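A.B. asks: My questions will all concern the structure given below.
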Amino acid sequence: MNRIIARLNLSDTSLSNHNKLSECTFDTPHWQPDHHAIINDEKIGLSATQRFITPQCTDCLMPYQDQESQIWINADVYLTNHDYLCELLDVNKSTADAKLILSTYRRYGYDCLNYLSGYFSFVIYDPIKNELFAAVDQFSNNPLYYSYEAGKQFICANEFSPFRKLSSQLTINERHFLEITLDTFSMTETSYQEVFRLKGGHYLIVNQTECKEYCYWELKKSKLPKMSREGYYQEFRKLFCKAVTSCLRNINENCSQISGGMDSSSVSAQVAIILAKENRKLYSFTALPNGLEGSSNRKNWYYHEMPIVESVLKMYPNIIHHKHYSKVDEDIYRELDVLNLYIDQPIRNVANIEWILSSYYFATKNNSRVILTGAVGNSTISWTGESFRNKLGKIRSYLRSKLKPRSVFNNFFDYVNQDLLASKLGQEIIFNRGFVSDSQAYMLTKSPTALKSTAYALQLWYGAKNLDPTIDKELTEFCYSLPQWVFYKDNKTINRRLLVREGLKDILPSTITESIYRGEQASDFYLSYNIHHQEWLDRLNNLKPATQSIIWKYFDKDKMFGFFKEYSQIPDKPDNQITTRLMVLSRCISFAGYLDQ
Numbered sequence: 023m024n025r026i027i028a029r030l031n032l033s034d035t036s037l038s039n040h041n042k043l044s045e046c047t048f049d050t051p052h053w054q055p056d057h058h059a060i061i062n063d064e065k066i067g068l069s070a071t072q073r074f075i076t077p078q079c080t081d082c083l084m085p086y087q088d089q090e091s092q093i094w095i096n097a098d099v100y101l102t103n104h105d106y107l108c109e110l111l112d113v114n115k116s117t118a119d120a121k122l123i124l125s126t127y128r129r130y131g132y133d134c135l136n137y138l139s140g141y142f143s144f145v146i147y148d149p150i151k152n153e154l155f156a157a158v159d160q161f162s163n164n165p166l167y168y169s170y171e172a173g174k175q176f177i178c179a180n181e182f183s184p185f186r187k188l189s190s191q192l193t194i195n196e197r198h199f200l201e202i203t204l205d206t207f208s209m210t211e212t213s214y215q216e217v218f219r220l221k222g223g224h225y226l227i228v229n230q231t232e233c234k235e236y237c238y239w240e241l242k243k244s245k246l247p248k249m250s251r252e253g254y255y256q257e258f259r260k261l262f263c264k265a266v267t268s269c270l271r272n273i274n275e276n277c278s279q280i281s282g283g284m285d286s287s288s289v290s291a292q293v294a295i296i297l298a299k300e301n302r303k304l305y306s307f308t309a310l311p312n313g314l315e316g317s318s319n320r321k322n323w324y325y326h327e328m329p330i331v332e333s334v335l336k337m338y339p340n341i342i343h344h345k346h347y348s349k350v351d352e353d354i355y356r357e358l359d360v361l362n363l364y365i366d367q368p369i370r371n372v373a374n375i376e377w378i379l380s381s382y383y384f385a386t387k388n389n390s391r392v393i394l395t396g397a398v399g400n401s402t403i404s405w406t407g408e409s410f411r412n413k414l415g416k417i418r419s420y421l422r423s424k425l426k427p428r429s430v431f432n433n434f435f436d437y438v439n440q441d442l443l444a445s446k447l448g449q450e451i452i453f454n455r456g457f458v459s460d461s462q463a464y465m466l467t468k469s470p471t472a473l474k475s476t477a478y479a480l481q482l483w484y485g486a487k488n489l490d491p492t493i494d495k496e497l498t499e500f501c502y503s504l505p506q507w508v509f510y511k512d513n514k515t516i517n518r519r520l521l522v523r524e525g526l527k528d529i530l531p532s533t534i535t536e537s538i539y540r541g542e543q544a545s546d547f548y549l550s551y552n553i554h555h556q557e558w559l560d561r562l563n564n565l566k567p568a569t570q571s572i573i574w575k576y577f578d579k580d581k582m583f584g585f586f587k588e589y590s591q592i593p594d595k596p597d598n599q600i601t602t603r604l605m606v607l608s609r610c611i612s613f614a615g616y617l618d619q
């Protein structure tokens with residue numbers, strides 16, 4: 023884990039504020055750097071703030087310069103094919119990941135990216151060519167933001183605060199705020215017009231005359247050998263075990279999130295199996311609501327799945343488990359006031375932030391610098407499959423989105439400014455959001471990658487690296503290429519998501535493989551309204567004029583303030599309408615706080 027900054031001088035003279043790189047501090051109270059360094063040459067400035075994740079990290083203190091070629095690298099990297107690259111390059115397995123990237127680049131040039139798998143964003147600078155090469159991994163697990171000022175400077179970083187110190191000009195990107203208000207996920211836009219996010223599977227080449235972006239990878243279906251259902255399951259089990267194993271190359275202890283759902287339970291179970299062979303423990307974290315039990319207000323959903331979690335714990339006694347109860351008495355917006363400086367756009371799903379941050383804190387408290395999740399599993403290992411009936415549903419969705427765009431997503435957009443909804447641009451955005459032709463590809467390469475980029479700064483801040491085996495490149499390409507019939511037998515819930523239900527039945531309790539129910543996340547977040555609603559109202563009443571001119575262009579001001587008038591308190595188990603309105607209100611407050619800062 024490495025907070026990285028790179029600044030390339032594109033002018034013919036020295037930058038007047040070249041030393042400002044030292045002002046771009048990353049002063050988190052949660053961890054102390056294992057290594058920090060800044061280099062300032064006439065043409066290039068590089069800053070690194072490292073937190074060692076793997077045993078090999080000490081082999082490469084960054085920014086690192088290869089003495090033979092004089093080429094620099096500054097990287098935030100965790101390679102999941104580390105050992106393969108060591109064999110390919112014929113180097114010792116103690117070689118650091120960043121050195122492997124640099125060696126691969128020296129051998130293969132830009133094509134080095136075809137040999138890399140895992141979590142990476144990096145900058146390579148060749149002083150002889152005066153050229154900068156920057157890239158992110160296939161799924162943008164590790165983000166990279168950049169701005170290009172022709173004839174002046176190029177800046178890139180893996181969190182957002184450096185741009186506020188180094189950029190010549192920053193302009194609020196109102197189009198982007200419109201898009202995220204309507205729940206659209208831009209792959210490249212950020213909150214500033216001048217700053218962009220590098221898309222997953224892409225790289226940049228920057229020199230004195232230009233900054234060009236290129237694609238080196240995109241998700242495609244490959245032709246798999248024809249097999250029986252069990253044959254595909256067997257291949258899947260091999261790839262899944264390999265993917266999980268590749269996420270265990272770290273120092274200290276291993277932690278995981280386990281909700282009771284298929285994905286996090288599958289990851290935790292496989293980790294526990296691997297660690298048990300080494301007589302090691304797995305520390306697992308479950309977020310639970312305060313005092314909410316049984317069925318939630320959604321059909322076939324429960325407020326939590328602790329009984330299922332307990333069945334996993336019984337099966338794997340080497341799991342040391344922690345129950346985390348939501349801290350509804352703490353105002354999450356106070357925490358966001360600190361974090362907003364480092365993220366490229368406001369947090370949308372505010373309800374989940376408290377337990378996510380608590381899981382990072384749990385990891386560091388238990389002497390771990392990683393936390394394993396199954397966040398992307400519903401589009402890979404537990405994909406439901408797409409039947410003919412599902413395809414007909416997409417046609418219905420298309421027609422509905424075309425005829426009445428704002429009706430999609432359970433009328434979520436009723437709380438957005440109606441003039442905005444009626445506009446041609448608003449209708450177009452909602453339609454594009456409501457109709458997705460390839461849902462699996464969308465989940466793998468569109469919305470999650472944009473959201474992951476924003477959330478990554480939180481990992482940096484808390485010092486806990488999120489590793490998700492369910493987004494492993496080889497595993498993902500396999501799952502995406504599988505015939506759809508492998509995932510389902512019919513449209514009954516019990517006969518879908520079969521890659522886990524049947525393929526992993528030997529490592530999971532039947533309470534998971536036979537369950538047709540789902541568990542809520544942050545199911546009691548709304549109760550924090552009863553404690554903090556006056557503070558939230560005060561926030562909206564005291565916004566800066568510039569913030570108000572933007573925020574009330576997108577959200578319906580009367581409906582936002584009307585909620586406070588209608589509810590001085592909300593019931594312990596509110597209906598869907600109340601929770602939907604509160605979710606929109608929480609997003610509005612998050613956007614407003616971000617803009618105000």
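Throughout, the working numbering is defined as the position within the sequence shown, counted from one, plus 22.
All residues carry an ideal CB built from backbone N, CA and C; glycine is no exception.
This structure is a prediction, so every number in the text was calculated from the model and none was measured.
Closer than 8 angstroms is the cut-off here; do at least three beta carbon pairs connect the segment 258 to 265 with the segment 492 to 505?
C.D. replies: Result yes; three or more Cβ-Cβ pairs closer than 8 angstroms.
A.B. asks: Name the DSSP bridge partner or partners of D205?
C.D. replies: Within the sequence shown, the letter at position 183 stands for residue 205. D205 is not bridged to any residue.
A.B. asks: In chain order, what residues of the same chain have a beta carbon less than 8 angstroms from the beta carbon of R411, not counting five sequence neighbours either side?
C.D. replies: One-based indexing of the sequence shown puts residue 411 at position 389. The residues are N513.
A.B. asks: Would you list the one or two residues that DSSP bridges to V522?
C.D. replies: Residue mapping note: residue 522 aligns to position 500 of the sequence shown, counting from 1. None; V522 has no bridge partner.
A.B. asks: With S213 and Q462 assumed to form a contact (beta carbons below 8 angstroms), what rounded beta-carbon distance in angstroms separates them?
C.D. replies: For the purposes of this step, residue 213 is taken as residue 191 along the sequence shown, with counting starting at 1. For the purposes of this step, residue 462 is taken as residue 440 along the sequence shown, with counting starting at 1. No, S213 and Q462 are not in contact; Cβ-Cβ is about 29 angstroms, not under 8 angstroms.
A.B. asks: When DSSP labels each residue in this structure, what does V217 get in the three-state scheme?
C.D. replies: Position 195 of the sequence shown, counted from the first residue, corresponds to residue 217. Coil, per DSSP.
A.B. asks: Kindly provide the ranges of any alpha helix (DSSP H) runs that are 4 or more residues long and lie completely inside the segment 280 to 329, ordered along the chain.
C.D. replies: Whole alpha helix (DSSP H) segments, 4+ residues: 284 to 298.
A.B. asks: With G399 and F509 assumed to form a contact (beta carbons below 8 angstroms), what rounded beta-carbon distance in angstroms separates them?
C.D. replies: Counting from one through the sequence shown, the residue named residue 399 turns up at place 377. Counting from one through the sequence shown, the residue named residue 509 turns up at place 487. The pair is not a contact, with the Cβ atoms about 13 angstroms apart (cut-off 8 angstroms).
A.B. asks: Could you check the C-alpha separation between W323 and R540 for me, to the nearest Å?
C.D. replies: Working through the sequence shown from its first residue, we reach residue 323 at position 301. Working through the sequence shown from its first residue, we reach residue 540 at position 518. Going from the Cα of W323 to the Cα of R540 covers about 5 angstroms.
A.B. asks: If you follow the alpha helix (DSSP H) that G615 is part of, which residue opens it and which one closes it?
C.D. replies: Residue numbering aside, residue 615 sits at position 593 when the sequence shown is read from its first letter. Per DSSP, G615 belongs to the alpha helix (DSSP H) from 598 to 618.
A.B. asks: Have a look at T395 and E64 and give me their C-alpha separation to the nearest angstrom.
C.D. replies: As a position in the sequence shown, residue 395 is number 373, starting the count at 1. As a position in the sequence shown, residue 64 is number 42, starting the count at 1. Each residue's Cα considered, the two are about 43 angstroms apart.
A.B. asks: In terms of alpha-carbon separation, which member of N454, D594, I66, N114 lies closest to N152?
C.D. replies: By one-based count along the sequence shown, residue 152 stands at place 130. The shortest C-alpha separation from N152 is found at I66.
A.B. asks: With the cut-off set at 8 angstroms, would you say C178 and V145 are in Cβ contact?
C.D. replies: As a working note, residue 178 is residue 156 in the sequence shown. As a working note, residue 145 is residue 123 in the sequence shown. For C178 and V145, yes; Cβs fall inside 8 angstroms.
A.B. asks: Exposed or buried, G313, counting other C-beta atoms within 10 Å across all chains shown (16 or more means buried)?
C.D. replies: In the sequence shown, counting from the first residue as 1, residue 313 sits at position 291. By the neighbour-count rule (16 or more Cβ atoms within 10 Å), G313 is not buried but exposed.
A.B. asks: Near F161, what residues of its chain come up, given a Cβ to Cβ distance below 6 angstroms and the 5 sequence neighbours on each side ignored?
C.D. replies: Working through the sequence shown from its first residue, we reach residue 161 at position 139. Here the set comprises G222, T471, I493.
A.B. asks: Below 8 angstroms, can you find three or more Cβ-Cβ pairs linking the segment 295 to 313 to the segment 377 to 395?
C.D. replies: Taking 8 angstroms as the limit for Cβ pairs, the verdict is that the segment 377 to 395 does touch the segment 295 to 313.
A.B. asks: Using C-beta distances below 7 angstroms, list every residue in its chain close to C237, excluding the 5 sequence neighbours before and after it, in chain order.
C.D. replies: Residue 237 sits at position 215 when you count from the first residue of the sequence shown. Here the set comprises G223, H224.
A.B. asks: Quick check on E252: does DSSP put it in helix, strand or coil?
C.D. replies: Here residue 252 refers to the residue found at position 230 of the sequence shown. Residue state, collapsed to three classes: helix.
A.B. asks: Thinking C-alpha only, which one of E376, D490, L447, S286 is nearest Y545?
C.D. replies: Your numbering for residue 545 matches position 523 in the sequence shown. The displayed chain sequence assigns Ser, not Tyr, to residue 545. Nearest C-alpha to S545: E376.
A.B. asks: Can you give, in chain order, each stretch of the beta strand (DSSP E) that sits fully within the segment 113 to 181 and has at least 3 residues?
C.D. replies: Taking only runs of at least 3 residues, the beta strand (DSSP E) segments lying wholly in the segment 113 to 181 are 140 to 148, 153 to 158, 167 to 171, 175 to 179.
A.B. asks: Assign I553 to one of two classes, buried (16 or more other C-beta atoms within 10 Å of its C-beta) or exposed (fewer than that).
C.D. replies: In the sequence shown, counting from the first residue as 1, residue 553 sits at position 531. I553 is exposed by the Cβ-count criterion.
A.B. asks: Kindly indicate the opening and closing residues of the alpha helix (DSSP H) around A385.
C.D. replies: Taking the sequence shown and counting its residues from 1, one reaches residue 385 at position 363. Start and end: 375 to 387.
A.B. asks: On the CB-based measure, 16 or more other CB atoms within 10 Å of its CB, does G525 come out buried or exposed?
C.D. replies: The residue given as residue 525 occupies position 503 in the sequence shown. That one is buried.
A.B. asks: Could you name the residues of the same chain whose beta carbon sits closer than 8 angstroms to that of C134, not counting the 5 residues immediately before and after it, in chain order?
C.D. replies: Locating residue 134 in the sequence shown gives position 112, counting from the first residue. Excluding positions up to five away in sequence, the list reads I123, T126, Y127.
A.B. asks: What number of angstroms, rounded off, separates the C-alpha of Y437 from the C-alpha of K527?
C.D. replies: Working through the sequence shown from its first residue, we reach residue 437 at position 415. Working through the sequence shown from its first residue, we reach residue 527 at position 505. Taking the straight line joining both Cα atoms gives about 44 angstroms.
A.B. asks: Any contact between the segment 100 to 118 and the segment 25 to 37? By contact I mean 3 or more CB pairs, one from each, below 8 angstroms.
C.D. replies: Flag = no, the segment 100 to 118 and the segment 25 to 37 do not touch.
A.B. asks: Express the C-alpha separation of E542 and H346 in angstroms, rounding to a whole number.
C.D. replies: Walking along the sequence shown from the start, residue 346 turns up at place 324. Walking along the sequence shown from the start, residue 542 turns up at place 520. When rounded, the distance between both Cα atoms is 14 angstroms.
A.B. asks: Going by DSSP in three states, W483 sits in which element: helix, strand or coil?
C.D. replies: In the sequence shown, counting from the first residue as 1, residue 483 sits at position 461. W483: helix per DSSP, three-state reduction.
A.B. asks: Three or more C-beta pairs closer than 8 angstroms, one from the segment 275 to 285 and one from the segment 554 to 567: is that the case here?
C.D. replies: The answer is no - the segment 554 to 567 does not touch the segment 275 to 285, with fewer than three Cβ pairs under 8 angstroms.
A.B. asks: Quick check on this structure: which residue in I202, D359, K187 has the alpha carbon closest to the alpha carbon of I452?
C.D. replies: Within the sequence shown, the letter at position 430 stands for residue 452. It is I202.
A.B. asks: Identify whether F453 lies in helix, strand or coil by the three-state DSSP scheme.
C.D. replies: Taking the sequence shown and counting its residues from 1, the one referred to as residue 453 is at position 431. Note: F453 maps to helix in three-state DSSP.
A.B. asks: So for T71, helix, strand or coil by DSSP?
C.D. replies: For the purposes of this step, residue 71 is taken as the residue at position 49 of the sequence shown. Strand, per DSSP.
A.B. asks: Please list the terminal residues of the continuous beta strand (DSSP E) segment that includes Y236.
C.D. replies: By one-based count along the sequence shown, residue 236 stands at place 214. Unbroken beta strand (DSSP E) run through Y236: 233 to 237.
A.B. asks: Buried or exposed: where does N114 fall if 16 or more other Cβ atoms within 10 Å of its Cβ makes it buried?
C.D. replies: Start at 1 with the first residue of the sequence shown, and residue 114 comes out as number 92. So N114 counts as exposed.
A.B. asks: Taking just the CA atoms, how far does P531 sit from M337?
C.D. replies: Within the sequence shown, residue 337 is the residue found at index 315, counting from 1. Within the sequence shown, residue 531 is the residue found at index 509, counting from 1. Taking the straight line from one Cα to the other gives about 7 angstroms.
A.B. asks: Hey, S190 and C46 are a contact pair by Cβ (cut 8 angstroms); roughly how many whole angstroms apart?
C.D. replies: The residue given as residue 190 occupies position 168 in the sequence shown. The residue given as residue 46 occupies position 24 in the sequence shown. Incorrect: roughly 15 angstroms between the Cβ atoms, too far for contact.
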